[in-house]
Every structure is written in structure tokens, then in C-alpha cells.
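Chains as they are written, first to last, in the numbering used here: chain A, 810 to 1040; chain B, 810 to 1040. No residue lacks a Cβ here, since even glycine has one placed at the ideal position from N, Cα and C. Source: prediction; values computed, not measured.
Protein chains: 2
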Amino acid sequence: MNEKKGVCICEGCEFRDVVFSHLDDNSIQDLCNHKEEQSLSKGEVINHEGEKISNFKYLKSGLVKLYRRTPSGDEQIITITRPFEFVSNMSIFSEERYQYSVSALEDSVVCMVKLEFIKELFLKNGGFAMGLLSKISVINDKIIGQTLDIRQKNLVGRVAYVLLYFTREIYNSRVFDLPVSRKEIADYIGMSTANVIRTLSDFKREGIIRVFGKTIEVADIEKLENISRHG
Amino acid sequence: MNEKKGVCICEGCEFRDVVFSHLDDNSIQDLCNHKEEQSLSKGEVINHEGEKISNFKYLKSGLVKLYRRTPSGDEQIITITRPFEFVSNMSIFSEERYQYSVSALEDSVVCMVKLEFIKELFLKNGGFAMGLLSKISVINDKIIGQTLDIRQKNLVGRVAYVLLYFTREIYNSRVFDLPVSRKEIADYIGMSTANVIRTLSDFKREGIIRVFGKTIEVADIEKLENISRHG
DNA sequence: GGTTATTATTGATATTGATCAGTCAGGACG
DNA sequence: CGTCCTGACTGATCAATATCAATAATAACC
């Protein structure tokens, strides 16, 4: 978990456009001086459920999962998301502590700024505040929508749904390396690991997907969409 | 659907403390002059999924359900909530149109202000912006948490969970009139109506609840908690 | 490069929940 | 007061999914 401080290359940061477009160059420079970057390897945890929130964080590169632990000790994955979709946890302004954990599914870089600093900015600058609120709302809506989508489908529909999610939202490619284990897919869609595997095997047998180790190719995306829609 | 305009009794409004505590008396008066109240009878719809968002709305009194329609035409209830917990839809600042529908489960009063007006206030007044963001975050976290809680339980656990939800969060009483049909409970917890009814009958048989028509009394709340926790 | 530990896979079986069909009870209304 | 209609309820059966157990395939590690 390697940390760099103050290295300011914000000019090229994609996130700038999303939330920070309301800041002038001075404010951005100021922000840069307050930011820290953190490189994380696959598997490392970014936030722990229950930990005190002290930084505003966003994902600069990589891929993360947002999850919590159920009373029975299982992991429940809330969402999987890539850069700029993920702004800290949702609740940074309303809660003292993280509601959920976040960890890296691929090597990732997280950018962080002291929460106090962001709060001041938020209070001073209405445009920034509005941009941030919009961003957080969109993320929340996405999570809620996803959860409801999944809830309303059956096993095969859910598996098809995640495959399409990786294809479209995460990798934007019909061929990709699965960044999660079968068990993690199961934790995400709320089904048993054995049945996730079985369903993937079925898809393989029917020629809907091809599997080479961790690499998956979606061969028949229309069929997958149909299954996801009607499942 | 009866509308009153400009009647300003904001001094007594509980919502004021929640979000509007950052406004001075003038701003509040100004806000009052821009607000409209709407009385709705049980069953009436407050927002339609897909409709254009033009007002900031909050629930002054009553009880509402937030729901959407699945592709197959079933209703999927996202949450059931009482006054001050519900601030318009989440996405008022990020989306053009409502993502979900909202309708009244009991006679309700909704207070509304033109969205433009709230946006201006948001831009001008950082404290107000922060208050609003916090409120929206809390609501979102609650919805996400609830949905995850439900997802992770089995049939009996889910039914126990909603009964406890009504007891604790909605009515704060072990005796209450169910504001929803059995089918709505089913749409809420994602199970079939028949099985919801069966489970309620089981609870009745085991002496965990008593049922007099629409009225429910939770007789053994510890047992219900156990079922909810382990179910 | 062999050994060990995980993770993936599959089949058999047990549970859980959905569906279907039918009855019942209560309210709305002529 | 009867009839219609809707929501509540129940039993029987069927379908979906979980669980358990036993290998196979991979990855991790000395």
C-alpha cells in the first residue's frame, strides 16, 4: 500500500470534469496540494466497514467491490464498479463510520482528500456542491436499480445479468478476464456458488459463452440479453 | 387531490429542523411563499415513474410506498416510509424524470416547492446544501441497507423483518393496522402472496402474532426478532 | 517441479418457495 | 337482503435452488 503525496497532475484527471468542473484553477491547485494517492494491489482493502471516515476518496484506476458482512458471516457484495463511478462511500457526509467495506478487485489507485477540506469547499462553492450531489445521487440510483434488477430475476437471469454487466459497464468488450471468483459472483447475485457454476456451464454448453480459464468470451450476446430480460 | 397555496405555517413544520435549519427567517418566509401543499387520499399517486421532475417534494404526514414496475408488469416495492424520511425521489438533481413511482398508503399531505427554487437555494446556501445532501444520503443508505437485509433472508425471515419494520420504524407500537395488502407485502419482500399468507398464518398459530382483520398485534417480539435474525 | 491449498466442477438429494385451484369471508352496491 | 367482487386463505403439487459430498483443475509456495 504505497502512498504518494501532493504529486499534482490533476490537469489530466478524468474526475475533474465530473465533479470538479466548478472549481477554478486556484482551487484545483489547492485541492491537489491536499490530496494523496494510494496504490493498492488486488485484494487490498480500501475501507473497512465500521471504520471512521476521515477522507473523501475516489477511484482513479482499477476496479473495486463494495460489500458488507451479514450477521452469519457471509460476504454480501453490493456493487462492483470502475473508476469515477465510485466516490468514497455514499455516506461520507451523513455518517461517522463506513457502512460498507471496499476492496480492490484489480490493482487500483485511489485518490484521497481530507474530508474537512471537501466539506469546506462544499460549503463555499454551490456549483461544486451541486456537482457532487448529482454524482452521489447517480451512484446511489445505480446501486439501488441494480439491486432491484437482480432481486427480480431468477438464477439464470441473474447470471446473465452479471455477465452483461461486465461486458457492457465494466470492460466494454465481449472478451474479458473475470475479476472475481465464482463465489464472489454468488455473493453478488445472492445465489449459491454451486448454482452459479452450474449455470455458467450450461451457458458454455449452449454456446452462449466461451471460457478459457479466467477469460470469458460472450459469444451470443442477444441470447444472453434474452435470458437476462426474461429470467 | 386538494391543493392549498402559500398557506404558511412552516414555523411548526418538523421538516424545517431536518433540512431547513440553515435558512434564516426571511428565506423560510420566501420558501413558504413558493410552496404548495397537496392532500392525497389513500391510494393516490404522488409521482409516476417516467414523469418529468418539476418539484421538490416531501411528505408532511401520512405514509407512502416507493415502487417501480418490472418488465413483466409486476409491482416491485422499494420501500415504505413515513413523514420526513422521504424527500422527493433521490434523483431530483441528477435525473430529468422520476425513476420510481410513489403513492399514498394512508391519507397523506405532501409539501412541494418548485425545483428551480430549491436549486437556487442550494447554490447560494452551503449549509442548506450540506443539510440536504446529508438527508438524501441517509435516505439512500437506508433503502440500500433495507434491500440488502431483505435479500439475505429466507421467506420467514423476510416476513418477520417487515413485521418488525412496521412495529419499530413505522408505528412504534406492537399493535397496528396493516397499511398494505398481503400482495403488497409480497411485492415488498419479493416472495409470492400465497407464501406470505402462509407464513403469517404460521406465526399466528405459533402465538407470535395475533390478527384481528387488518389489525396486527406482535405478541412475542423476541421470537420475531430471532426469526428475522436467523431466517 | 513437486506439494499443498484453493477454487471450480458435477451429481445426488433435500429444502424451499412458486404455482394452481379452490374455498371462504367481508365489503360495495343495487 | 342477496349478489358480485376482491382479498385472504389453504392444500396439493411442481419447479427452483440449496446443500452435501466427491473429484478435478489451478494457483501458491517452498
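Check: In DSSP terms, what residue 866 (chain A) is bridged to; Outcome: A:921
Check: Span of the alpha helix (DSSP H) around residue 1010 (chain B); Outcome: 1002-1014
Check: Simplified DSSP state of residue 855 (chain B), which is helix, strand or coil; Outcome: strand
Check: Counted within 10 angstroms of its Cβ, other Cβ atoms place residue 981 (chain A) as buried (16 or more) or exposed; Outcome: exposed
Check: Below-8 Å beta-carbon distance, residue 911 (chain A) vs any chain B residue; Outcome: no
Check: N- and C-terminal bounds of the alpha helix (DSSP H) containing residue 834 (chain A); Outcome: 834-842
Check: Coil, strand or helix - residue 909 (chain B) by DSSP; Outcome: coil
Check: N-terminal and C-terminal residue of the alpha helix (DSSP H) that residue 996 (chain A) is part of; Outcome: 991-998
Check: Contacting residues, own chain, Cβ-Cβ under 7 Å from residue 994 (chain B) (five flanking each side not counted); Outcome: 971, 1005
Check: Below-8 Å beta-carbon distance, residue 942 (chain B) vs any chain A residue; Outcome: yes
Check: Contact between the segment 923-941 of chain B and the segment 874-889 of chain B (3+ Cβ pairs under 8 Å); Outcome: no
Check: Residue from A:912, A:933, A:906, A:983 with nearest C-alpha to residue 947 (chain B); Outcome: A:906
Check: Straight-line gap, residue 776 (chain A) to residue 1022 (chain B) (C-alpha atoms, nearest Å); Outcome: It is not possible to answer for residue 776 (chain A), since the shown part of chain A is limited to 810 through 1040.
Check: Beta carbon proximity, residue 863 (chain B) to chain A, threshold 8 Å; Outcome: no
Check: Nearest candidate by alpha-carbon position, reference residue 916 (chain A), set A:842, A:1025, A:851; Outcome: A:851
Check: Secondary structure, alpha helix (DSSP H): runs of 4+ residues fully inside the segment 948-998 of chain B; Outcome: 964-974, 991-998
Check: Any C-beta of chain A under 8 Å from that of residue 1007 (chain B); Outcome: no
Check: Residue 1041 (chain B), buried or exposed, once every other Cβ within 10 Å from all chains shown has been counted against 16; Outcome: Any answer about residue 1041 (chain B) is impossible in this case: the structure gives chain B only from 810 up to 1040.
Check: Beta-carbon proximity check, residue 831 (chain B) vs residue 934 (chain B), cutoff 8 Å; Outcome: yes
Check: Residue 1023 (chain A), DSSP secondary structure in three states; Outcome: coil
Check: Distance, residue 973 (chain B) Cα to residue 1033 (chain B) Cα; Outcome: 7 Å
Check: Where residue 945 (chain A) meets chain B, residues with beta-carbon distance less than 9 Å; Outcome: 903, 942, 945, 946, 949
Check: Residue 881 (chain B), DSSP secondary structure in three states; Outcome: coil
Check: Reduced DSSP category for residue 1018 (chain B) - H, G, I as helix; E, B as strand; rest coil; Outcome: strand
Check: is_contact[residue 999 (chain A), chain B] using C-beta, thresh 8 Å; Outcome: yes
Check: N- and C-terminal bounds of the alpha helix (DSSP H) containing residue 1031 (chain B); Outcome: 1030-1039
Check: From B:976, B:874, B:828, residue whose alpha carbon lies closest to that of residue 865 (chain B); Outcome: B:828
Check: Close-in-space but distant-in-sequence residues of the same chain around residue 991 (chain B) (CB under 7 Å, 5 per side omitted); Outcome: 1002, 1005, 1006
Check: Reduced DSSP category for residue 904 (chain A) - H, G, I as helix; E, B as strand; rest coil; Outcome: coil
Check: Contact with chain A by residue 927 (chain B), beta-carbon distance below 8 Å; Outcome: no
Check: Environment of residue 1031 (chain A) [buried if 16+ CB atoms lie within 10 Å]; Outcome: exposed
Check: Residue 934 (chain A) in three-state terms, based on DSSP; Outcome: coil
Check: Integer Cβ distance of residue 889 (chain B) from residue 953 (chain A), believed to fall under 8 Å; Outcome: Rounded, the Cβ-Cβ distance is 15 Å, inconsistent with contact.
Check: Short-range partners of chain B found in the segment 986-998 of chain A, where Cβ spacing is below 9 Å; Outcome: none
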